[in-house]
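K.L.:
2 protein chains.
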Amino acid sequence: MTEDATHPTTAGPPIGIGDLARHSGCKPETVRYYERIGLLPDATRSEGGQRRYDERTVRRLTFIRHARDFGFSIEAVRELLEMADHPEMPCDEVDAFAKHHLAEVESRLQRLAALRDELKRMVTQCAGGRVESCRIIEVLSDHRLYHQRGEHGGSNALR
Amino acid sequence: MTEDATHPTTAGPPIGIGDLARHSGCKPETVRYYERIGLLPDATRSEGGQRRYDERTVRRLTFIRHARDFGFSIEAVRELLEMADHPEMPCDEVDAFAKHHLAEVESRLQRLAALRDELKRMVTQCAGGRVESCRIIEVLSDHRLYHQRGEHGGSNALR
DNA sequence: CTAATCCCTGTAGCGACTAGAGGTTCAAGC
DNA sequence: GCTTGAACCTCTAGTCGCTACAGGGATTAG
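These protein sequences, in sequence, are chains A and B.
The numbering of the first sequence is our numbering, which starts it at -18 and goes up by one.
The numbering of the second sequence is our numbering, which starts it at -18 and goes up by one.
#1: For V39/A, which residues of its own chain have a beta-carbon under 7 Å away from its beta-carbon, when the five flanking residues on both sides are left out?
#2: Is V86/A close to chain B? Criterion is C-beta to C-beta, closer than 7 Å.
#3: Do R49/A and P(-5)/A have their beta-carbon atoms positioned less than 7 Å apart in this structure?
#4: Looking at the C-beta of R97/B, does it have a partner C-beta in chain A at a distance below 7 Å?
#5: Relative to the C-alpha of E28/A, which candidate in G(-3)/A, I18/A and L21/A has its C-alpha closest?
#6: Pick out whichever of I55/B, E63/B, K8/B and L93/B has its Cα sitting closest to the Cα of F53/A.
#7: Rounded to a whole number of angstroms, what is the C-alpha to C-alpha distance between I45/B and V12/B?
#8: E36/B and G(-1)/B - do their beta-carbons sit closer together than 7 Å?
#9: Just list the residues that DSSP pairs I(-4)/A with in beta bridges.
#10: Using a cut-off of 7 Å between C-beta atoms, extract the partners of K101/B located in chain A.
#11: Looking at chain B, is there any beta carbon in it that lies within less than 7 Å of the beta carbon of L42/A?
#12: Under 7 Å between the Cβ atoms of L90/B and R97/A?
#13: In the structure shown, what three-state DSSP assignment does P9/B receive?
#14: Can you give the Cα-Cα distance for K80/B and R41/B, rounded to whole angstroms?
#15: Could you please give me the residues that DSSP links to T25/A through a beta bridge?
#16: Do we get a CB-CB distance below 7 Å when we pair A79/A with the residues of chain B?
#17: With 7 Å set as the bound, which would you pick, yes or no: does the beta-carbon of L1/B sit closer than that to a beta-carbon of chain A?
#18: Can you check which of these residues, Q31/B, R26/B, G30/B and D66/B, is closest to L20/B by C-alpha distance?
#19: Measuring only between beta-carbons, confirm whether L90/A sits less than 7 Å from chain B.
#20: Which partner residues does P68/A have in the DSSP bridge list?
#21: Specify the secondary structure class of F51/A as computed by DSSP and reduced to three states.
#22: Which residue wins for smallest C-alpha separation from P22/B, given the options A57/B, E63/B and F51/B?
#23: Kindly list, in the order they appear in chain B, the residues whose Cβ is closer than 7 Å to that of A94/A.
#24: Is any beta-carbon of chain A found at less than 7 Å from that of I(-4)/B?
#25: Between the Cα of A95/B and the Cα atoms of A95/A, V86/A and R102/A, which residue gives the shortest distance?
#26: Less than 8 Å between C-beta atoms, sequence neighbours within five positions excluded: which residues of the same chain meet that for G30/B?
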């Protein structure tokens, strides 16, 4: 469905770096950078020396971009790719990886949700008010945010 | 409750940069950096020229760290601090700020939740399996992730 | 064939820190 | 009062993950 119907998924006409970038949502510079640091294999070249890619690279790069977007470091992405490149190996490493990241993702999620609620509240209720009645600042100064949000104890001034 | 009971919240004995850092969860280097770029006011100094801080700075810095942690850029933090520094001004700017960031935070939240689910599934179900049965790689390669997750269409190789 | 567009390498810059060198200040113990 | 060791100072340079030129060559539409 994402594929070109004329070919059975795997091969298609090779594309240039610009198209690769467009299809996967990043820039040509970034593609070259990823090649340089080894996240992408050295591209095959045209007669004149320009990089040529196929559909698999589009998927690989899309994967990279999504993973980066989720907050994984380049090194974490490298690990994930390593696993993706060896689908025959046992799941243990992926499992360890998942365990390692789950807690972090969850806490990030919670805090982000708290922020979202606050932003939402502000958008719907703040019209005409004053800054001092906006709780966002309070929310962000609060130490307890990382544990839970109890009833708000004073503290307004930040300097 | 976070405060020292001997003083009514505002003033306390001045603390050094190390304590400030510990209390707010960042490093002395970062504190100096924030001062340099103007997120923190120039600190008052001891006789010998060392920085001295009070409770307000702890709060301000905690605020900065949380905001950064939520993914706000330094410039966004600067705006927020500007607002916090002028609580008497009308809410419009905070409101605009909130509107501007809400959409982004929400989409980030959704994608993070998708990832969380996948990690969770992996941790609970993957024991003993093989990488090829792990959907995380599929999830992260999928274009449609940003819209919704339909039934999974093939595609394993990423290179 | 030519013009427009794309692509090449290499280097430098950015944001947001972080680390180190080399020297000064502070505070606790004697 | 003196010593000692941790904490602090400034300044510069390095890191990560890109991003933006500059100065050229390749490709493709007309």
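From the three backbone atoms N, C-alpha and C, an ideal C-beta is built for every residue, glycine too.
P.N.:
Inspection of the coordinates gives the following:
#1: L1, H4 and S5
#2: yes
#3: no
#4: yes
#5: G(-3)/A
#6: L93/B
#7: 10 Å
#8: no
#9: Y34/A
#10: L83
#11: no
#12: yes
#13: helix
#14: 23 Å
#15: R33/A
#16: yes
#17: no
#18: D66/B
#19: yes
#20: For P68/A, which the question treats as bridged, DSSP gives no partner whatsoever.
#21: coil
#22: E63/B
#23: L90
#24: no
#25: V86/A
#26: none
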